[in-house]
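Structure first, then comments.
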Amino acid sequence: MKSKPNWKIILFFAIIALAVFLRVSNFSDWLFFKMDQARDASTIRQALELGPGWLPLLGPKAGGTDLNLGPAFYYFQYAAAVLFQSAHPAVLAFPDLLFGILSIPLFYVFSKKYFSRDWSMILASLYAVCFLGVQYSRFAWNPNGLVFFNLLFFFSLLNVFDLPCATSLAKNKQDKEIPHPVEKGKTVRGEGIKYRLRWVVLAGFSFAVSTQLHFLSFLTLPVITVLFIIFNWKYARKALNWKYILLFLAIVLLVYIPVILNEIASKGENTRQFMLALKEKPSAHSFWKNVNRDVRYWGQNWLLILTSWISRKSGISSAALAWLGAILPALYVGLRSFRQEKNLVKKNFILVSLLWFLVYFLTYIPVAYQIRPRFFLPLLGLPFIFAGYIATLFWRKRHAFWKVCVAAVLLVIFFGNLVGTFAWFKEIEAAQKKGTYPRRTIILKAKDGIVLWHLEKATEYMEKNCSEKEVYYNAPAEYKRPVKYLLEQKGIKAISISSLKTGDEEKCVFAMGLTRTKKLPIDKKIQAEFEAGEQNKIGAVGVYKLALKENFAGQLLPTYKSAGEENEKSNRIFWKDLWK
3 MKSKPNWKII
13 LFFAIIALAV
23 FLRVSNFSDW
33 LFFKMDQARD
43 ASTIRQALEL
53 GPGWLPLLGP
63 KAGGTDLNLG
73 PAFYYFQYAA
83 AVLFQSAHPA
93 VLAFPDLLFG
103 ILSIPLFYVF
113 SKKYFSRDWS
123 MILASLYAVC
133 FLGVQYSRFA
143 WNPNGLVFFN
153 LLFFFSLLNV
163 FDLPCATSLA
173 KNKQDKEIPH
183 PVEKGKTVRG
193 EGIKYRLRWV
203 VLAGFSFAVS
213 TQLHFLSFLT
223 LPVITVLFII
233 FNWKYARKAL
243 NWKYILLFLA
253 IVLLVYIPVI
263 LNEIASKGEN
273 TRQFMLALKE
283 KPSAHSFWKN
293 VNRDVRYWGQ
303 NWLLILTSWI
313 SRKSGISSAA
323 LAWLGAILPA
333 LYVGLRSFRQ
343 EKNLVKKNFI
353 LVSLLWFLVY
363 FLTYIPVAYQ
373 IRPRFFLPLL
383 GLPFIFAGYI
393 ATLFWRKRHA
403 FWKVCVAAVL
413 LVIFFGNLVG
423 TFAWFKEIEA
433 AQKKGTYPRR
443 TIILKAKDGI
453 VLWHLEKATE
463 YMEKNCSEKE
473 VYYNAPAEYK
483 RPVKYLLEQK
493 GIKAISISSL
503 KTGDEEKCVF
513 AMGLTRTKKL
523 PIDKKIQAEF
533 EAGEQNKIGA
543 VGVYKLALKE
553 NFAGQLLPTY
563 KSAGEENEKS
573 NRIFWKDLWK
């Protein structure tokens, strides 16, 4: 007799396929390639061309500081560049794309630590189509990998404490054994203690990588880990021994070797910058203003993650809806379940989720006025876990009314994110035809709809309309580095227009700007020296070929600056510098 197909599993895999499609569709053309991405790409291209000795010992700077993060992000990019033998912007974004996709099955197995298989598939399906998760999987940036590595760390941590012999370790006052935390044959961690070493290794690796991807994760993950062990001290003494602890620390130190070597070579310069960042990063506002802003932004971004709804400037109503309808009820259910739960694995899962929320919320108070959507990447899965706490509570009620309400809310979350994602895609498509003012590009402040497709078309135009291998150009600040990088990929030397010393009619000079402004994208001083010739409109981008005015031929140009952007100096220490 043939077994019937399991439609739940088939539907789940169909949703995962949809989630992959949302992340890979037009991946290269619609890639965000801004100033930071071009800076990082230049670093990796140099290492690809000159050898791994040109890899830096530290990674990108933490936003708004002179502190450099660890180099894990760069090394993932370098691995992709070596694998594909290319430093194309899309290739360098492959690691973040991969981590975004892998986080979906990881979220599913993580959820199974507490929820049933069916509920884990439901929550993973909601997480898979999350608009914020889709958007941050589609370009390269150091915080993007946090979605995967934070989940991997918490999952590994739970597995380290998932004792196969919990019945002999945990007894109540009546000396009755607490039931085994995981039914035999239904574990997600294999045979338990036999595999615990691998979970210790994974915990150390994911901890080290995650703390290198974002400054605030460097502060939060150690606190969460220590608090988790303190709350679990009774079992920690059995689950952990000095070998496990030393192995965990050894893995962390191994991943941090480049950082340690940099500190030795620079005599602790990055440590000094870390201490300065701790002083300067907090805002100058009062504590209660920071708390108020923190509460509001958490509510707004919680609702954004769950439904893709982008709040207005104040966002008070949306924040209130999130707190009263999603966050506070879930905290109440979670705390109550934590006190009542006898299953050790489930109890630890609840503990991790509550600490995850509490530590990040408190850590974000001093920097509340700097919070952006990317700050919620380390806890992208948490709103769906909290939603699961509430949904399963009401689903267990006998009256069908509550099941209908739960189903309705889950459908709103699922289709809300799909609608938001496809609306964002429509904005990108529109920007390929005309100048736009997109609302759903929430990655950076500059919302102009420009993606890699525009920049490649613009540099192709410059290449076709210049017989020389040297181009002088002007572009908005956000796109100076990207244009320079793409031109250099074509073997063309790209120089800022301000570095043109003497008027020469044979020089290739271009200016790039936004078509929505309907203004020549050069200042009045440059307009005095050049006049706009042919214009090429590329959707939201316009490229002008500039012609030198006759009276400046052979003359020293007033706009000339002796030190251009191309002469930027770097204080980075590279691997090659250690053997000088």
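The numbering used here numbers the first residue of the sequence shown as 3 and each following residue consecutively.
Note that beta-carbon positions come from the ideal geometry of N, C-alpha and C, so glycine has one too.
Since we're looking at a predicted model, the values are computed, not measured.
Cα-Cα separation, residue i to residue j
{"i": "ARG441", "j": "ASP450", "result": "9 angstroms"}
{"i": "LEU454", "j": "TYR116", "result": "42 angstroms"}
{"i": "ASN350", "j": "ARG140", "result": "33 angstroms"}
{"i": "PRO181", "j": "VAL347", "result": "In this prediction, PRO181 has a pLDDT of 41, which is less than 50 and means its spatial position is unreliable; what the coordinates show is noted afterwards. Answer to the nearest angstrom: the Cα atoms are 11 angstroms apart."}
{"i": "HIS90", "j": "GLY61", "result": "19 angstroms"}
{"i": "SER113", "j": "ILE387", "result": "7 angstroms"}
{"i": "ALA555", "j": "GLN529", "result": "15 angstroms"}
{"i": "LYS578", "j": "VAL411", "result": "56 angstroms"}
{"i": "ALA267", "j": "PRO380", "result": "31 angstroms"}
{"i": "ILE231", "j": "SER501", "result": "58 angstroms"}
{"i": "PHE363", "j": "TYR110", "result": "24 angstroms"}
{"i": "GLY586", "j": "ALA479", "result": "In the structure as shown, the chain starts at 3 and stops at 582, and residue 586 therefore has no counterpart that could be examined."}
{"i": "PHE29", "j": "PHE133", "result": "15 angstroms"}
{"i": "LYS482", "j": "VAL261", "result": "30 angstroms"}
{"i": "LYS503", "j": "LYS526", "result": "17 angstroms"}
{"i": "PHE23", "j": "PHE150", "result": "18 angstroms"}
{"i": "GLY505", "j": "GLU470", "result": "16 angstroms"}
{"i": "LEU587", "j": "PHE427", "result": "This structure cannot speak to residue 587, because the chain is shown only from 3 to 582."}
{"i": "GLU508", "j": "CYS468", "result": "10 angstroms"}
{"i": "LEU256", "j": "PHE14", "result": "38 angstroms"}
{"i": "LYS291", "j": "SER219", "result": "23 angstroms"}
{"i": "LEU278", "j": "ASP164", "result": "40 angstroms"}
Residues near residue i by beta carbon distance below 8 angstroms, same chain, minus five either side
{"i": "TRP404", "result": "PHE396 and TRP397"}
{"i": "LYS10", "result": "ASP120 and MET123"}
{"i": "LEU107", "result": "The question names Leu, yet the displayed sequence has Pro at residue 107. Answer for PRO107: ILE18 and ALA126, listed in chain order."}
{"i": "GLY2", "result": "There is simply no residue 2 to check, as the chain begins at 3 and stops at 582 in what is shown."}
{"i": "VAL335", "result": "TYR391, ILE392 and LEU395"}
Same chain, Cβ closer than 7 angstroms to residue i, five either side skipped, listed in chain order
{"i": "TRP304", "result": "ALA324, ALA328, ILE329 and PRO385"}
{"i": "TYR366", "result": "ASP296, ILE373 and PHE377"}
{"i": "ARG25", "result": "LEU99, GLY102, ILE103, VAL136, SER139 and ARG140"}
{"i": "LYS63", "result": "LEU69 and ASN70"}
{"i": "LEU308", "result": "ALA328, PRO385, ALA389 and ILE415"}
Neighbour flag for residue i against chain C, beta carbons, 9 angstroms
{"i": "VAL511", "result": "Absence of chain C from the displayed structure is noted, only one protein chain being present."}
Helix, strand or coil at residue i [DSSP, three-state]
{"i": "ASN476", "result": "strand"}
{"i": "ILE540", "result": "strand"}
{"i": "TYR366", "result": "coil"}
{"i": "ILE528", "result": "helix"}
{"i": "THR443", "result": "coil"}
{"i": "TYR562", "result": "coil"}
{"i": "LYS521", "result": "coil"}
{"i": "LEU548", "result": "strand"}
{"i": "ILE392", "result": "helix"}
{"i": "GLY505", "result": "coil"}
{"i": "GLN176", "result": "Because GLN176 carries a pLDDT of 40, less than 50, the predicted location of this residue cannot be relied on, and no value is offered for it."}
{"i": "PRO375", "result": "helix"}
{"i": "GLY535", "result": "strand"}
{"i": "SER118", "result": "coil"}
{"i": "LYS6", "result": "coil"}
{"i": "ALA555", "result": "coil"}
{"i": "LEU382", "result": "coil"}
{"i": "LYS495", "result": "strand"}
{"i": "ALA332", "result": "helix"}
{"i": "PRO58", "result": "strand"}
{"i": "PHE512", "result": "strand"}
Other residues of its chain near residue i: CB distance less than 6 angstroms, five sequence neighbours each side excluded
{"i": "PRO484", "result": "PHE35, ALA40 and LEU457"}
{"i": "PHE77", "result": "It should be noted that the sequence gives Tyr, not Phe, for residue 77. Around TYR77: no qualifying Cβ."}
{"i": "ILE497", "result": "TYR474"}
{"i": "GLY422", "result": "PHE133 and SER310"}
{"i": "VAL211", "result": "ALA74 and PHE151"}
Checklist entry - What are the start and end residues of each continuous alpha helix (DSSP H) run of 4 or more residues lying completely inside the segment 225-296, in chain order? => result 235-241, 244-257, 259-268 and 271-282
Checklist entry - Are the segment 148-163 and the segment 34-54 touching, with three or more C-beta to C-beta distances below 8 angstroms? => result no
Next on the checklist: Does the contact criterion of 3 or more C-beta pairs under 8 angstroms hold for the segment 528-537 versus the segment 549-563?
Outcome noted: yes
Item to check | Complete runs of the alpha helix (DSSP H) confined to the segment 65-115 [at least 4 residues] | outcome: 74-86, 91-94 and 96-113
Checklist entry - Quick check: the segment 67-86 against the segment 94-105, are there 3 or more CB pairs under 8 angstroms? => result yes
Item to check | Contact the segment 461-471 vs the segment 486-494: 3+ CB pairs below 8 angstroms | outcome: yes
Checklist entry - Which residue spans inside the segment 298-328 form an unbroken alpha helix (DSSP H) run of at least 4? => result 318-324
Checklist entry - Pairing CB atoms from the segment 461-481 with CB atoms from the segment 507-520, are three or more of them under 8 angstroms? => result yes
Next on the checklist: For the segment 278-294 against the segment 412-431, do three or more pairs of beta-carbon atoms, one drawn from each stretch, fall closer than 8 angstroms, so that the two count as touching?
Outcome noted: no
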